[in-house]
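Notes to accompany the following structure.
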Amino acid sequence: MSYEIIDVNSKNLDQIGLFCKQSQKKEEGYQNKLEWIKERFPEGLKYKILKVKEPNKYSYRGFIEYIPSEFNWRGIQADNFMIIHCIWVVGRHKGKGYASELIQYAIDDAKRLKMNGVVGISANRGTFPRKKIFKKMGFELVDKAGDGVFSLHALRFSESINKPSFLPITSENVPSDEGVTLLYTYQCPYSPLVIKDVEKFADNNDKAFRVKLVNSVQETRKTVLHPYGSFCIYCDGKVIPYKAGLKKLILKN
């Protein structure tokens, strides 16, 4: 067998582990994500890892994470859809159909559960999925956010079903304080690195820095995290777009 897709669940999570930061399991971000995902399994979260045969060993080279829309940690409004939180295939294994197969699992599960469809997010920068993978799988573009950086794609199982959308970021849910405010969740194991980068950004620009953990779906909806959902950065009441794998931040003037 040249590859297999492993269904990671509450029974084998401690043995299989997570895809991201696989070699740094003792780090804070990994451990936080580990506990976070254990709490999500009862809500219907699915986590599947791509394991590929390489010359001398099998290696983890991709994964997908998805969850029913009522429990999604993204800035998405959707009724009875399956929401893809993350999908990632790395290195030379891109372009071989693995991402399509991972997405198909989400589609099949949504159909099995009699949902309305599947939703995913793409971005035109960084390590996020590009639009072409969703277009290839028959998804339609239904919304954009972040000055066009983020696109929302939906595969509706019927044209009569309402299109999903990004939750709007309004003045009511944007901190008005001067300085930099970072909201983050444990959903992404890279959050501690983001916190360090944003704090450095604030220091370099002589701005106060505040950080707040968002630890429930309800609070995610109330605060309306930036569409990707792992974290949201505000500076002087404005949203800061970000790029390059969550690390390099740019201030929108």
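For my numbering, count along the sequence shown from 1 and bump the result up by 41.
C-beta atoms are modelled at their ideal positions from N, C-alpha and C, and glycine is treated no differently.
### Message
Taking a contact to mean a Cβ-Cβ separation below 8 Å, would you say P205 touches A119 in this structure?
### Response
Taking 8 Å as the cut-off, the beta carbon of P205 is found closer than this to the beta carbon of A119.
Closest Cα partner of G103 within the set K52, S110, A249, V131:
That would be V131, whose Cα lies nearest to the Cα of G103.
Just the Cα atoms here: how many angstroms apart are D149 and K241?
Just so you know, the alpha carbons of D149 and K241 end up roughly 43 Å apart.
>> Suppose the cutoff is 6 Å on Cβ atoms and the five residues either side in sequence are ignored; what does the same chain contact list for C229 look like?
In response: Here C229 has S271 as same chain residues with Cβ atoms under 6 Å from its own Cβ, once five neighbours each way along the sequence are excluded.
From this set, L224, G220, V183, Y225, which residue's C-alpha is nearest F207's C-alpha? For the residues L224, G220, V183, Y225, the minimum Cα distance to F207 belongs to V183.
In this structure, how does DSSP classify A147 when only helix, strand and coil are distinguished? In the three-state reduction of the DSSP assignment, A147 falls in the helix class.
Worksheet entry | Same chain, Cβ closer than 6 Å to P170, neighbours up to 5 away in sequence not counted | I128, S163, listed in sequence order.
query = What separation, rounded to the nearest whole angstrom, lies between the Cα atoms of I174 and Y139?
reply = Rounded to the nearest angstrom, the gap between the Cα atoms of I174 and Y139 is 11 Å.
By the three-class DSSP mapping on this structure, what secondary structure does N294 have?
Only weak support exists for where N294 lies, its pLDDT of 37 falling under 50; the value from the coordinates is given anyway. Under the three-state reduction of DSSP output, N294 falls in the coil class, being neither helix nor strand.
Item to complete: Starting from I108, trace the beta strand (DSSP E) both ways and give me its first and last residue.
Response: Bounds of the beta strand (DSSP E) holding I108 are 99 to 109.
Which of the three DSSP states, helix, strand or coil, is assigned to Q259?
DSSP places Q259 in helix when its eight states are reduced to three.
- Query: Roughly how many whole angstroms lie between the Cα atoms of C126 and L91?
  - Reply: Reading off the sequence shown, one finds His at residue 126, where the question assumed Cys. Roughly 16 Å between the two C-alpha positions.
Assign R115 to one of two classes, buried (16 or more other C-beta atoms within 10 Å of its C-beta) or exposed (fewer than that). Around the beta carbon of R115, 16 or more other beta carbons lie within 10 angstroms, which makes this residue buried.
Among the candidates F250, E45, I78, E181, whose CA atom is the shortest distance from the CA of S51?
Comparing alpha-carbon positions, the option among F250, E45, I78, E181 lying closest to S51 turns out to be I78.
Opposing strand residues paired with H194 [DSSP bridges]: Paired residue(s): G161, L182.
Practice item. Compute the distance between the beta-carbons of V49 and Y88, then report whether it is under 8 Å. Key: Yes, the pair counts as a contact, with Cβ atoms nearer than the cut-off.
Are V252 and A195 closer than 8 Å when you measure CB to CB?
Not closer than 8 Å, so no.
query = Using a Cβ-Cβ cut-off of 8 Å (strictly less than) and excluding sequence neighbours within five positions of S141, which residues of its own chain qualify?
reply = Within the same chain, S141 has close Cβ partners I174, K177, M178.
Since T222 and N256 should fall inside the 8 Å C-beta cutoff, what is the C-beta to C-beta distance between them, to a whole number of angstroms? Their Cβ separation, rounded to whole angstroms, is 16 Å, which puts T222 and N256 out of contact at 8 Å.
Around the Cβ of R133, are there at least 16 other Cβ atoms within 10 angstroms (buried) or fewer (exposed)? Counting every other CB atom within 10 Å of its CB across the protein chains shown gives R133 a total below 16, marking it as exposed.
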